[in-house]
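Chemist:
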Ligand code: FRU
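Here's what the structure looks like:
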């Protein structure tokens, strides 16, 4: 049978003469390109894949389509780092050249087995625009960095009975001497599920069944993507990315969402007893997060700082998206909190602390944001509504507003000439316990801000595409506030 094809199913090996150089040139002077965030030189990136601290180095792979800002033939791109902040680009790790991955090497995770890094991924196979299947595949990275696809791929051919061709994104882990693989799946009745395979040797897999996650997803959830699993402070945690959740209160306002469940996993009985679950992040551009163990076995998490089906302003420069900064996870009062990984402090240069106070209205407190970290403490006993405007100018600004009466925090990204994604709303919000002061830590990198409130209790990832002169910071309030803030220049 002839292979189903479309122009976007083309690998980097099929690039035309000078095509990649021209793509690189096109955005090399873009003001929107991040500096310390993992991003593409050209083309579109999405999920982080295969995250690992292996053989003394951090490895991040990610989904990449080289030729434009669209979801085309997916490759695994590869960067590594000794310190988790300065990244070196390596040759593309996985290019979809085999029949079992004919329409893309899709997402997956890694596991160290016998001193090698096993990279599990999904071989996406399409028969027509609508029909597809999926194979689960393995590639092995040696300590010297050499990566080879396993010669007997796929390790799991096709999908089990009862599921559509949407079975993907393997997450493999070891428990009690056995290996388990979690996969995001869609039942034939078009609802989302997590299915489990098991193995003695991390290579030969048998289908074990469907995981019972006792939170009763609504019928509208038609797919669960990118499962993740880890243990933290004696709890089992699973993270996944459901598609089809409807917005409710402050939650699930993005087209696709990321949630976590915390409790007890009994993998033998295929049961996850849920003690708590919630949306993982409150920003606009946060999806498909994956975690991994850092140098000291701390739990780190990186997400795709992007969202599907939305046109981003950088598309016209033929590049799209970046990954989030690495965050360290912790459990506080029964909930997951995420704080910027400690390693990011290595980027700090020229730190300056200032104080500001105001009564009512707004006040510019800084004029030069671009590639910085800010730590604010706002004392606000006498104000009900107050906040910070980032990327501020006469005409633009990203508005972070606290509301003491409602006990909420909200983020509004409407006020930009290049505002985008409005079909899903310009505001995201969360409940927040506001007492005498709030702590806000922000990482700004040209066209992305990652905002952590009260030590990671609430986090927002947001992309904005400001004009050149939108570089100010304002504070605003309806009553007296005082604010101390430290600005760190970040350099890599
Ligand atoms: C999530 C996802 C994954 C898939 C990959 C393809 O964003 O749809 O389920 O493996 O992206 O790029």
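Residue numbers (the working numbering): 10 to 501. Ideal placement from N, C-alpha and C gives every residue a C-beta, glycine not left out.
(1) Return the chain-ordered list of same chain residues with a C-beta closer than 6 angstroms to the C-beta of residue 300, the five sequence neighbours on each side being excluded.
(2) Which residue or residues does DSSP assign as beta-bridge partners of residue 206?
(3) By DSSP, does residue 50 sit in helix, in strand, or in coil?
(4) What separation, rounded to the nearest whole angstrom, lies between the Cα atoms of residue 325 and residue 36?
(5) Can you give me the start and stop residues for the alpha helix (DSSP H) that residue 420 sits inside?
(6) Do you know how far the Cα of residue 20 is from the Cα of residue 106?
(7) Within 10 angstroms of its Cβ, does residue 79 collect 16 or more other Cβ (buried), or is it exposed?
(8) Measure the alpha-carbon distance for residue 241 versus residue 340 and round it to whole angstroms.
(9) Please work out which residues of its chain come closer than 6 angstroms, Cβ to Cβ, to residue 253, disregarding the five sequence neighbours upstream and downstream, and give them in chain order.
(10) DSSP three-state call for residue 355: helix, strand or coil?
(11) For the putative contact between residue 259 and residue 381, defined by C-beta atoms under 8 angstroms, what is the C-beta separation to the nearest angstrom?
(12) Could you tell me the distance, in whole angstroms, from the CA atom of residue 473 to the CA atom of residue 452?
(13) Below 7 angstroms CB to CB, which residues in the same chain sit around residue 56 once its five sequence neighbours on both sides are set aside?
(14) Tell me which residue opens and which closes the alpha helix (DSSP H) that residue 491 is part of.
(15) Do you know whose CA, among 221, 188, 481, lies nearest residue 121's CA?
(16) Looking only at C-alpha atoms, which of 186, 81, 288 sits nearest to residue 16?
(17) Residue 222 to residue 482, Cα distance in whole Å?
(18) Over the uninterrupted beta strand (DSSP E) stretch that includes residue 241, give me the two end residues.
(19) If you run the structure through DSSP and keep just helix, strand and coil, what is residue 272?
(20) Among 414, 371, 372, 377, which has the Cα closest to the Cα of residue 390?
(21) Could you tell me the distance, in whole angstroms, from the CA atom of residue 438 to the CA atom of residue 347?
(22) Bridge partners for residue 57 per DSSP, in chain order?
(23) At a cut-off of 7 angstroms, is residue 331 close to the ligand FRU when judged by its beta-carbon and the heavy atoms of the ligand?
(24) Kindly indicate which residue of 29, 131, 34 has the alpha-carbon position closest to the one of residue 5.
(25) Does the beta-carbon of residue 102 have 16 or more other beta-carbons within 10 angstroms, so that it is buried, or is it exposed?
(26) At a cut-off of 7 angstroms, is residue 55 close to the ligand FRU when judged by its beta-carbon and the heavy atoms of the ligand?
(27) Are there 16 or more other CB atoms within 10 angstroms of the CB of residue 199, so buried, or fewer, so exposed?
(28) Within 7 angstroms: the Cβ of residue 401 and any heavy atom of the ligand FRU?
(29) Please confirm whether any heavy atom of the ligand FRU lies closer than 7 angstroms to the CB of residue 237.
(30) Here's a check: name, in chain order, each residue in its chain whose Cβ is nearer than 7 angstroms to the Cβ of residue 465, leaving out the five neighbours to either side.
(31) Please say whether residue 165 and residue 206 have beta carbons closer to each other than 8 angstroms?
(32) Just mark residue 378 as buried or exposed, buried being the case when its beta carbon has 16 or more other beta carbons within 10 Å.
(33) Just to confirm the assignment, what range does the beta strand (DSSP E) spanning residue 372 have?
(34) If contacts are defined as beta-carbon pairs under 8 angstroms, then residue 62 and residue 304 qualify, I think. What distance do you get, rounded to the angstrom?
Modeler: So, to answer that:
(1) In the chain shown, residue 300 corresponds to position 291, counting from 1. Shown here for residue 300: same chain residues with a beta carbon closer than 6 angstroms to its own, the five before and five after excluded, namely 237, 239, 308, 310 in chain order.
(2) Along the chain shown, read from residue 1 onward, the residue named residue 206 stands at position 197. Partner(s): 190, 216.
(3) The residue you call residue 50 lines up with position 41 of the chain shown. Three-state result, residue 50: coil.
(4) On the chain shown, position 316 is the one that residue 325 refers to. On the chain shown, position 27 is the one that residue 36 refers to. Straight-line Cα distance between these residues: approximately 9 angstroms.
(5) What you label residue 420 is simply residue 411 of the chain shown in a count that begins at 1. Residue range 417–421 is occupied by the beta strand (DSSP E) that includes residue 420, with no alpha helix (DSSP H) assigned at that position.
(6) As a working mapping, residue 106 is identified with position 97 in the chain shown. As a working mapping, residue 20 is identified with position 11 in the chain shown. Each residue's alpha carbon lies about 8 angstroms from the other.
(7) Sequence index remark: in the chain shown, residue 79 carries index 70 (1-based). By the neighbour-count rule (16 or more Cβ atoms within 10 Å), residue 79 is not buried but exposed.
(8) Numbered from 1 along the chain shown, position 232 holds the residue referred to as residue 241. Numbered from 1 along the chain shown, position 331 holds the residue referred to as residue 340. Rounded to the nearest angstrom, the gap between the Cα atoms of residue 241 and residue 340 is 8 angstroms.
(9) Here residue 253 corresponds to residue number 244 of the chain shown, with the count starting at 1. If we look at residue 253 and ignore the five residues flanking it on each side, its Cβ neighbours are 229, 230, 231.
(10) The residue given as residue 355 occupies position 346 in the chain shown. Residue state for residue 355 is assigned as helix, using DSSP reduced to three classes.
(11) For the purposes of this step, residue 259 is taken as residue 250 along the chain shown, with counting starting at 1. For the purposes of this step, residue 381 is taken as residue 372 along the chain shown, with counting starting at 1. Between residue 259 and residue 381 a beta carbon distance of about 28 angstroms is seen, past the 8 angstroms cut, so the two are scored as non-contacting.
(12) Locating residue 473 in the chain shown gives position 464, where the first residue counts as 1. Locating residue 452 in the chain shown gives position 443, where the first residue counts as 1. Computed Cα separation, rounded: 13 angstroms.
(13) In the chain shown, counting from the first residue as 1, residue 56 sits at position 47. Closer than 7 angstroms at Cβ, skipping near neighbours: 71, 72, 116, 235, 297, 313.
(14) Walking along the chain shown from the start, residue 491 turns up at place 482. Where residue 491 is concerned, there is no enclosing alpha helix (DSSP H), although the beta strand (DSSP E) it sits in stretches over 490–499.
(15) Residue numbering aside, residue 121 sits at position 112 when the chain shown is read from its first letter. Closest by alpha carbon: 188.
(16) By 1-based counting over the chain shown, the position of residue 16 is 7. Closest option to residue 16, Cα to Cα, is 81.
(17) Residue mapping note: residue 222 aligns to position 213 of the chain shown, counting from 1. Residue mapping note: residue 482 aligns to position 473 of the chain shown, counting from 1. When rounded, the distance between both Cα atoms is 44 angstroms.
(18) Residue numbering aside, residue 241 sits at position 232 when the chain shown is read from its first letter. In the DSSP assignment, residue 241 falls within the beta strand (DSSP E) that extends over 232–241.
(19) Position 263 of the chain shown, counted from the start, is the residue given in the question as residue 272. Assigned with DSSP and collapsed to three states, residue 272 falls in strand.
(20) On the chain shown, position 381 is the one that residue 390 refers to. Of the listed residues, the one whose Cα sits closest to residue 390 is 414.
(21) Walking along the chain shown from the start, residue 438 turns up at place 429. Walking along the chain shown from the start, residue 347 turns up at place 338. Residue 438 and residue 347: Cα-Cα distance of roughly 17 angstroms.
(22) In the chain shown, the residue the question calls residue 57 occupies position 48. In DSSP, residue 57 forms a bridge with 71.
(23) Here the question's residue 331 lines up with position 322 in the chain shown. Residue 331 Cβ: outside cutoff for every heavy atom of the ligand FRU.
(24) As displayed, the chain neither begins before 10 nor continues past 501, which places residue 5 out of reach and without an answer.
(25) Position 93 of the chain shown, counted from the start, is the residue given in the question as residue 102. It is buried - the Cβ of residue 102 has at least 16 other Cβ atoms within 10 Å.
(26) The residue given as residue 55 occupies position 46 in the chain shown. The answer is yes for residue 55.
(27) Translated into the one-based positions of the chain shown, residue 199 becomes position 190. Taking a 10 Å sphere around the C-beta of residue 199, we find fewer than 16 other C-beta atoms and assign the residue as exposed.
(28) As a first step, residue 401 must be located in the chain shown, where it is residue number 392. Checking the Cβ of residue 401 against the ligand FRU gives no.
(29) As a working mapping, residue 237 is identified with position 228 in the chain shown. Every heavy atom of the ligand FRU is 7 angstroms or more from the Cβ of residue 237, so no.
(30) Here residue 465 refers to the residue found at position 456 of the chain shown. 346, 347, 348, listed in sequence order.
(31) Here the question's residue 206 lines up with position 197 in the chain shown. Here the question's residue 165 lines up with position 156 in the chain shown. With respect to residue 165, residue 206 sits close: the two C-beta atoms are nearer than 8 angstroms.
(32) Locating residue 378 in the chain shown gives position 369, counting from the first residue. Burial call: buried.
(33) Walking along the chain shown from the start, residue 372 turns up at place 363. 370–375 is the span of the beta strand (DSSP E), which, as asked, contains residue 372.
(34) Indexing the chain shown from 1 puts residue 62 at position 53. Indexing the chain shown from 1 puts residue 304 at position 295. With 8 angstroms as the limit, residue 62 and residue 304 qualify as a contact, their Cβ atoms being about 6 angstroms apart.
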